[in-house]
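There are 2 protein chains.
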Amino acid sequence: MMPGIKIACTYCLFLLLGFAVKADDGHALWLRKRPANPVNVVSAKQSPILEIARKELQDGWLGSAGATFVLTIKKDRSIRGDGYRFDGSGVQANTELGILYGVYEVLRRQQTGLPVMPTVSNPSYDRRILNHWDNLNGSVERGYAGLSIFWRDEKDAPAVTEKDRSLWLEYARANASLGVNGTVINNVNASPRVLTRPYLEKVKAVADIMRRYGIRTYLSVNFSSPAQLGGLKNSDPLVPEVAQWWKDKTKEIYALIPDFGGFLVKANSEGQPGPQDFGRTHADGANMLADVLKPYGGIVMWRAFVYAPNDNDRAGQAYTEFVPLDGQFRDNVIIQVKNGPIDFQPREPFSALFGAMKKTSVMPELQITQEYLGHSNHLAFLAPMWEECLQSDTYQQGAGSTVARCSDGSIYPQRYTAIAGVANTGLDTNWCGHTFAQANWYAFGRLAWNNQLGSEKIAEEWLQLTFGPEDAAGPAPAKEEWQQQFFLPVKQMMLESREAVVNYMMPLGLHHIFSVFEHYGPGPWYGPKGVRPDWTPPYYHQADTNGIGFNRTATGSNTLSQYKEPLHTQLANPATCPEELLLWFHHLPWDYRVKSGRSLWDELCYSYQKGLLQVRGFQQTWDKVEPYADAARFRKVQSKLRRQCLDAQIWKDACLLYFQQFSRRPIPFDIERPVYDLDYLMKLNPLTLQVFERNARQHH
Amino acid sequence: MMPGIKIACTYCLFLLLGFAVKADDGHALWLRKRPANPVNVVSAKQSPILEIARKELQDGWLGSAGATFVLTIKKDRSIRGDGYRFDGSGVQANTELGILYGVYEVLRRQQTGLPVMPTVSNPSYDRRILNHWDNLNGSVERGYAGLSIFWRDEKDAPAVTEKDRSLWLEYARANASLGVNGTVINNVNASPRVLTRPYLEKVKAVADIMRRYGIRTYLSVNFSSPAQLGGLKNSDPLVPEVAQWWKDKTKEIYALIPDFGGFLVKANSEGQPGPQDFGRTHADGANMLADVLKPYGGIVMWRAFVYAPNDNDRAGQAYTEFVPLDGQFRDNVIIQVKNGPIDFQPREPFSALFGAMKKTSVMPELQITQEYLGHSNHLAFLAPMWEECLQSDTYQQGAGSTVARCSDGSIYPQRYTAIAGVANTGLDTNWCGHTFAQANWYAFGRLAWNNQLGSEKIAEEWLQLTFGPEDAAGPAPAKEEWQQQFFLPVKQMMLESREAVVNYMMPLGLHHIFSVFEHYGPGPWYGPKGVRPDWTPPYYHQADTNGIGFNRTATGSNTLSQYKEPLHTQLANPATCPEELLLWFHHLPWDYRVKSGRSLWDELCYSYQKGLLQVRGFQQTWDKVEPYADAARFRKVQSKLRRQCLDAQIWKDACLLYFQQFSRRPIPFDIERPVYDLDYLMKLNPLTLQVFERNARQHH
């Protein structure tokens, strides 16, 4: 067992107050050390990874004391990739990594009280990858848990310390315990410098650690690196010198890192360079890199997140851009597609690209870090959002063509399958800022392994691994009491939490009405002259005195036509369009009657109010579990829920008072009145909300 | 009619929005101009004051058109002082001022729909005085409505403009309409400079205006003026040169202002100089000034607001200091006693000095400005608080010896009777900052005239004078509709408002747990070393792990013994002590059972929650009356109620989380959870709450 467990008891303080209180700093994540029984681990083969598997078993075995557990590497056609077969007496796999994953699964089942019955488990995706938007100066774009665990501001002489290696090892173990087998360790807005020798040497140091847990290291690359680093005239992918430069660089990388995973590319997107700068297509650019990587088994993950200011609907552009290129990509190119057509909003429909690219490998990109869901201040369990996307039916090959099945090789013959999650880790002691944000890292890993897992099951697992009766001050309660008093209400809170965020931020299909820079507070009014319209909220909500919502039907942008029948017809009719996506696809009058019988305006009001009340409910739930939780995590979560409630109030007031200027209708009188003036909220730079940033971060 | 009516219509803006909206800037107070009928005013005598009376009748007559109304000055033994007799056909009085007051009463009755039946009305107090804590540099101590209307920063050359005179005339008229007949125009923390010639000439200019409406001008004086201004060695009242200096100065004043009212003195109080500096008593000091003023008919108002840091209970000190001096004061000295024993808290018991000084004139000092009740941000109608004090029974001369009767000459033979109200006026266009703060100025004036008036009647009058069906956008609703939809709910809100403040700030007899400097937000924790304990909240709340409250019984400070039987016995027993004063007199355990059956801790929690819910209710009430109110005042009040709700939340969270450290009990789970962390609120300098100060003040 790695040195990841820290139980810091502040007895001196609490004893003075008359309490005996336990404190957990959260660093152990879902891998908390619990008293284990002795186990006899048998393995015909020895290797470093098998040794890890043995040690995990010895440190965490909750089966019968003195049992024998056999690790068997043997070809088995029912096992794919690093999948495994297990029962109470052992794990069998095709690979060493499969053994390790199987061991983690057995231990997880023991700890969560699930039966360990004969089972085969195969991964949904071959490549299960975290994307770190970590900059070389140590900052993390959209990171809310401290600075980068990989980089710090060191000019061009990045160093590696023992402390770094130790932390990376903990990180690798946490990922391996979920089956994550890849990590992109620098920002998609990539600095060319990462490809210079000093940085590549640091990448090698990271990769050497990652490899111990079966994790491949990848890099984001800047498409203009040949010009910027190599002194070439340009970075046109069809210029032989450019391809040669990439060939040489790739050779250099693989010499350092033989199992290097490949490149992630954000090209011609939000100001990043790309092949279109030279009149080439995305396929031209991606294929050039794919050809260079091919000899080494590397892949290119080419992001589809592209949009231009001159288009009338950002939501349709990735589809317009990429579908015509279907069939033109090399088989080691995977198009990396965000779950929704815009940008990680609290709710979006699935991206129409899923299932529409039939001859091209496509991988979903999910966002674990809560860029648009309250950063690390709000409790928002994201598994329901991802489950909603993965289980959405594209109908591209008939009913049942879910996003999951369209991306995991079930429907289309992909050479590679993969899934990416934008990480939420940083140097904060508890890795993620918010204790419950750890659950999103966990959920991504579990869904990447099994894209059919339900949110409830994931929440149950995580809660049982992360908390327990032993956290209570004083004697541990019976498991049954803990289940009733802690586990069930907290699970309920988790499962409801993402919908609460939708309700108090942007219900009924509203989207991207955030304060534009930090994507935290509300900013539906923001739209100064000279700013690209598609970077301003009014572009998305389209509120006027007639109504609200983005008309994406045939009478509007017609982006709706990108969805396949019968979905298209269902969405195109407001009466059959799911109400939670109503204003995503339709501009509707304020007095439009929704299913509740209320007017659209009233429904909007009740939705925001509901969100606020949900957060108040979470506060109640959490305060009630105080006797069952350790003091340190209890208080941090309590404090963050308070902030969330304040924020929900701000969101509700800002949006209702702003939209009321258009609706010209009263807020129904059984709804709590706003407590802020609109002009105050409009002047309130969301960054000044830092006045509320009360809890100093603990850095590792 | 004076030029006090300003209807500023911002049609241009609102018409664009499709509304026709009326806007009232509030400057006209309760004297709004309404369409009047012609009236024939008959008066045997002519004088400037009678001419004002005639003009008011002609501008405001709502009786039958063409009626005759007779003004008659005639001695009548049933009429006292400036009292009057009136019916529908005329007013009779002993004095011209009595005529004017009678005219205002007739017009008030016409406007509020009351019958004008034959009635005699005599004032409860001879001198009905506003105290302005206005500094010579133009600032106003505890003023929340802009700078002083009397002073501005002009070094030693104060000037008088026509704009000043015009404003002072409006001010005088507003006061006269209520029967207020005196004004102290400088701060009780007095600068000696006010007695220099340039300032006295400005005082004369003010007095010349005030006199037109029968208002006497008074000055606060600094007891060390002889030393500071006259160059004397000291200001010992028994030194003949000191008395001579005051004699000369008084002569100079009366030469300028023949009807000058007298001096208000804050001596040996909170660092102000006084006779005790020279080993003399308050009586020595007051009597010296009284002798000097006597020839001119002037009076000395000597404040009893004294307390020393070395005493164990500030609440008892005024009594201890002054009762032994009873009988030693000249008959033109009036001891000015704050309503409660501490300092204008949202709720206090009456000061034990009332009724206890049997051979000395005593006058109540009320605070109109909301120093401790949310400044000009919170809606708090103070008439119920003052009524509660005035109707409190002291039992000093048997049952029925109310504070009112102990101070108005009903029980004790006072040479002079008087009442003072610390004013809430400033240069803000609406005079008082908050529209509803005008009601407190109004209520003080009405209670000063008739200390038996009920709060509800005062609220009804003020509302009908200050608002009306004509404020509605579009056609005016019927009077009946306006009564149901506006008048009744808003009246209810006003009558509940002070109790709401008590609930969310300091229920159950808690007091002085404010943030100490600005007396606005909560600060129950404040108590740094080196600060006098009686200037820190823990001195007052005495919270510890055993319980909370100030033990003023015989086992504590025994200040309770200053109250007369049977009150003393009633208060001394927690079971019979009114619950709203429980913690004022008792330190009780957290699990003490209150009448609701709840523990003291739970009751505290529910009280704070109730206060917050009351403010939310006020918001509901006010938002519902929008169609009946003019847009300008509606929006300002709406905005201030929002701020009040935010503040109530802060108060509730701060006090419950702070006291919870001692009670060690959970906040009952059906109560809304705190949304702030205690450490955040403790760090929050209340002045930084200015971030919420959204509405730029309009200066006159």
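Heads up: the sequence lines are chains A and B, in that order.
The opening position of the first sequence corresponds to residue 30 in my numbering, with each subsequent residue numbered one higher.
The opening position of the second sequence corresponds to residue 30 in my numbering, with each subsequent residue numbered one higher.
No residue lacks a Cβ here, since even glycine has one placed at the ideal position from N, Cα and C.
Within-9 Å CB hit, residue i to chain A
i: residue 631/B; result: no
i: residue 423/B; result: no
i: residue 704/B; result: yes
i: residue 678/B; result: yes
i: residue 695/B; result: yes
Chain B contact residues for residue i, given Cβ-Cβ distances below 9 Å
i: residue 681/A; result: In chain order: nothing, as chain B lies at least about 13 Å away.
i: residue 645/A; result: 701, 702, 704
Residue i (DSSP reduced to helix, strand or coil)
i: residue 393/B; result: strand
i: residue 414/A; result: helix
i: residue 720/B; result: Here residue 720/B scores only 38 on pLDDT, less than 50, and its place in the model should not be relied on; the value that follows carries that caveat. It is helical.
i: residue 289/A; result: coil
i: residue 188/B; result: coil
i: residue 729/A; result: The pLDDT assigned to residue 729/A is 32, lower than 50, so where the model puts this residue is not dependable, and the model offers no usable value.
i: residue 535/A; result: coil
i: residue 249/B; result: strand
i: residue 330/A; result: strand
i: residue 555/B; result: coil
i: residue 576/B; result: strand
i: residue 256/B; result: helix
i: residue 520/B; result: helix
i: residue 297/B; result: coil
i: residue 307/B; result: helix
i: residue 658/A; result: coil
i: residue 545/B; result: coil
i: residue 367/A; result: strand
Neighbour flag for residue i against chain B, beta carbons, 9 Å
i: residue 351/A; result: no
i: residue 649/A; result: yes
i: residue 668/A; result: yes
Under 8 Å from the C-beta of residue i: neighbouring residues of chain E
i: residue 653/A; result: Absent here is chain E; the protein component of the structure consists of chains A and B.
Beta-carbon neighbours of residue i, restricted to chain B and to distances below 7 Å
i: residue 675/A; result: 704
i: residue 671/A; result: 703, 704, 705, 706
Identified DSSP bridge partners for residue i
i: residue 100/B; result: 72/B, 120/B
i: residue 53/A; result: Answer is none; residue 53/A lacks a bridge partner.
i: residue 503/A; result: Beta-bridge pairing links residue 503/A to no other residue.
i: residue 425/B; result: 427/B
i: residue 691/B; result: BP columns for residue 691/B are empty, so no partner.
i: residue 617/A; result: 577/A
Are at least three pairs of beta-carbons, each pair with one atom in the segment 636 to 653 of chain A and one in the segment 606 to 622 of chain A, less than 8 Å apart? no
Kindly confirm or deny that the segment 512 to 521 of chain A and the segment 620 to 639 of chain A touch, where touching means at least three C-beta pairs closer than 8 Å. no
Three or more C-beta pairs below 8 Å linking the segment 213 to 221 of chain A and the segment 154 to 174 of chain A: yes
For the segment 697 to 705 of chain A against the segment 677 to 686 of chain A, do three or more pairs of beta-carbon atoms, one drawn from each stretch, fall closer than 8 Å, so that the two count as touching? yes
Are the segment 192 to 209 of chain A and the segment 126 to 138 of chain A touching by the rule of at least three beta carbon pairs closer than 8 Å? yes
Please determine if the segment 185 to 202 of chain B and the segment 479 to 498 of chain B are in contact, where contact requires at least 3 C-beta pairs separated by less than 8 Å. no
Any contact of the segment 103 to 117 of chain A with the segment 59 to 79 of chain A, i.e. 3+ C-beta pairs under 8 Å? no
Is the number of C-beta pairs between the segment 455 to 474 of chain B and the segment 399 to 410 of chain B that are closer than 8 Å three or more? yes
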